[in-house]
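Trainee:
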Amino acid sequence: MTSPATLRPCTPALNRFGGIFDLETSYQEIAHLEERAADPDLWNNPKEAQGILQRLARVKEATEAWDRLDAQLTNLAELIELAVAEEDESLREEMQAEMATLEAEMARREVTLLLNGRYDDRDAFVSIQAGMGGTDAQDWAEMMLRMYVRWAEARSYQASIVDISPGDEAGLKSATLEIRGPYAYGHARAETGVHRLIRLSPFNSAHIRQTSFARVEVMPEVDDAPEVVINPDDLRIDVFRSTGHGGQGVNTTDSAVRLTHLPTGMVVTCQNERSQLQNKETALRVLRGRLLERELQRQNEERQKLRGEYRQADFGNQMRTYYLHPYTLVKDHRTNEETSDVWAVLDGRLDPFIESFLRWNLSHG
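Numbering of the sequence shown is given in the numbering used here, commencing with residue 4 and proceeding in unit increments.
Encoded structure:
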């Protein structure tokens, strides 16, 4: 007969579930957001209204998911007790299969709990900059752009290129990608840092081993961050003609926009929209996100310095290495997550690395 000990795998899940998601607080937030959404004056500010509706939908979705999981776990626990009491061996395989399913769902739910940063539920901008390595580095930057587009598509996110600067011979010097979807920033921020590629170079006749670098910057898309105030007098605005690869989507007028934030020296360009006004608005959103990310990074560095853990994130401190020669391996140097299936990672299979980072960041953030 199956003993209670045999059925114990469900117990850790039940214990972990208790108290780790505050449903009551979520219900209160839903009521508050619904009250704000019902205010007719809210629609005098369409951006604020859209943000409230998006937040309401996401809180409802998360709460309903936890409600379903809670009910399933409760029903399974009751079924286990009944099966043990009546010594019904026939239910053993069915219950163990159900427990495995619920454990997997529990693990996925736990990941969402790690996305508890103030801006984690926002959309994101991902900027890629080719570093040391010449043409190989520019090619590497283009490979990374494709990797993030494929990752976004796999998660049913919307991905669109905001700006791109082609490389001299191949690849690209820099690119900015806008990713829209639930918790896009919370997930994508795991990719911030320097990425190193080691391979046999396809750009020289000797095919020598080449090390290339690219830097990734991830910024939340925000309109309401109190940490960021942009004074129009602090901006220099230049317009120019698109420098894209060509095709029907390329601007044929001087509609591309370059914003320079004079106090910080930050430069943001946007050229994917067809009008100068649209490009300016998008560039402002990127700049706002970059200024916010800079402030969040400053706060994090201060906390790290107090703990004696701070290390400068420059091109000598890569956060992940992708080996294509002499063996295949992707290794994250922060979490020690690794896989030999490099091509799957380059095709967008980033979630294992992102989830490992979220768990690691819980104790290092």
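For each residue, glycine too, the CB sits at the ideal point set by N, CA and C.
1. Keeping to the same chain, check which residues put their C-beta closer than 7 Å to that of Glu340; ignore five residues upstream and five downstream.
2. Can you give me the C-alpha to C-alpha distance between Ser390 and Arg293, rounded to a whole angstrom?
3. Let me know the alpha helix (DSSP H) ranges lying completely inside the region 186-254, each 4 residues or longer, listed in chain order.
4. What does DSSP give as the partner residue(s) for Ile131 in the beta ladder?
5. What number of angstroms, rounded off, separates the C-alpha of Asp126 from the C-alpha of Ala228?
6. For Glu84, I'd like the list of residues in its chain whose CB is within less than 8 Å of its CB, leaving aside the five on either flank, ordered along the chain.
7. Roughly how many angstroms lie between the CA atoms of Arg39 and His367, to the nearest whole one?
8. Which residue's Cα is closest to the Cα of Glu67: Glu305, Val219, Leu56, Glu27?
9. Whose CA, out of Val231, Ala34, Ala103, lies closest to the CA of Leu299?
10. Enumerate in chain order the residues of its own chain whose CB-to-CB distance from Arg261 is below 8 Å, with the five nearest sequence positions on each side excluded.
11. Quick one: complete alpha helix (DSSP H) runs, 4+ long, within the region 24-52?
12. Have a look at Asn282 and Ala178 and give me their C-alpha separation to the nearest angstrom.
13. Hey, how far is the Cα of Leu280 from the Cα of Gln57?
14. Enumerate in chain order the residues of its own chain whose CB-to-CB distance from Leu349 is below 7 Å, with the five nearest sequence positions on each side excluded.
15. Return the CA-CA distance between Thr77 and Thr104, expressed in angstroms with no decimal places.
16. Report all residues from its chain with a CB closer than 7 Å to the CB of Asp257; omit the five preceding and five following residues, and keep chain order.
17. Tell me the rounded alpha-carbon separation between Arg352 and Asn320.
18. What span of residues does the alpha helix (DSSP H) with Asp142 cover, start to end?
19. Does Met322 come out as helix, strand or coil in the three-state DSSP assignment?
20. Under 8 Å by Cβ, that's how I've got Ser29 and Gly136 pegged, so tell me the actual separation to the nearest angstrom.
21. In the DSSP assignment, find the alpha helix (DSSP H) that holds Gln99 and state where it starts and stops.
22. Measure the C-alpha to C-alpha separation of Asn364 and Arg183 and round it to an integer number of angstroms.
Mentor: Reading off the structure:
1. Stepping through the sequence shown from its first residue, residue 340 is reached at position 337. Beyond the five residues adjoining it in sequence on each side, Glu340 comes within less than 7 Å, by CB distance, of Pro355, Phe356, Ser359 in the same chain, given in chain order.
2. Shown here, the chain extends from 4 to 368; a query on residue 390 therefore has no answer.
3. 187-191
4. Translated into positions along the sequence shown, residue 131 becomes position 128. In DSSP, Ile131 forms a bridge with Ala178, Val219.
5. Here residue 126 corresponds to residue number 123 of the sequence shown, with the count starting at 1. Here residue 228 corresponds to residue number 225 of the sequence shown, with the count starting at 1. Roughly 14 Å separates the two Cα atoms.
6. Within the sequence shown, numbered from 1, the residue matching residue 84 stands at position 81. Excluding positions up to five away in sequence, the list is empty.
7. Translated into the one-based positions of the sequence shown, residue 39 becomes position 36. Translated into the one-based positions of the sequence shown, residue 367 becomes position 364. The straight-line gap from Cα to Cα measures roughly 36 Å.
8. Against the sequence shown, residue 67 aligns to sequence position 64. Ranked by how close their Cα comes to the Cα of Glu67, the residues Glu305, Val219, Leu56, Glu27 have Glu27 in first place.
9. Sequence index remark: in the sequence shown, residue 299 carries index 296 (1-based). Answer by Cα proximity: Val231.
10. In the sequence shown, residue 261 corresponds to position 258, counting from 1. Taken in chain order, the residues that qualify are Ile240, Asp241, Val242, Phe243, Val270, Val271, Thr272, Ala286.
11. 26-40
12. Here residue 282 corresponds to residue number 279 of the sequence shown, with the count starting at 1. Here residue 178 corresponds to residue number 175 of the sequence shown, with the count starting at 1. Taking C-alpha positions only, Asn282 is separated from Ala178 by approximately 15 Å.
13. Here the question's residue 280 lines up with position 277 in the sequence shown. Here the question's residue 57 lines up with position 54 in the sequence shown. Computed Cα separation, rounded: 25 Å.
14. Numbered from 1 along the sequence shown, position 346 holds the residue referred to as residue 349. Correct list, in chain order: Met146, Met150.
15. Position 74 of the sequence shown, counted from the first residue, corresponds to residue 77. Position 101 of the sequence shown, counted from the first residue, corresponds to residue 104. Taking the straight line joining both Cα atoms gives about 14 Å.
16. The residue you call residue 257 lines up with position 254 of the sequence shown. The answer, listed in chain order, is Val242, Phe243, Arg244.
17. Numbered from 1 along the sequence shown, position 349 holds the residue referred to as residue 352. Numbered from 1 along the sequence shown, position 317 holds the residue referred to as residue 320. Answer to the nearest angstrom: the Cα atoms are 23 Å apart.
18. For the purposes of this step, residue 142 is taken as residue 139 along the sequence shown, with counting starting at 1. Note, Asp142: alpha helix (DSSP H), 137-157.
19. Reading the sequence shown from its first residue, position 319 is the one you call residue 322. Met322 falls in the coil class under three-state DSSP.
20. As a working mapping, residue 29 is identified with position 26 in the sequence shown. As a working mapping, residue 136 is identified with position 133 in the sequence shown. Not really, about 47 Å apart at Cβ, beyond 8 Å.
21. By one-based count along the sequence shown, residue 99 stands at place 96. Counting along the chain, the alpha helix (DSSP H) containing Gln99 begins and ends at 95-117.
22. Here residue 364 is taken as the residue at index 361 of the sequence shown, counted from 1. Here residue 183 is taken as the residue at index 180 of the sequence shown, counted from 1. For Asn364 and Arg183, the distance between alpha carbons rounds to 23 Å.
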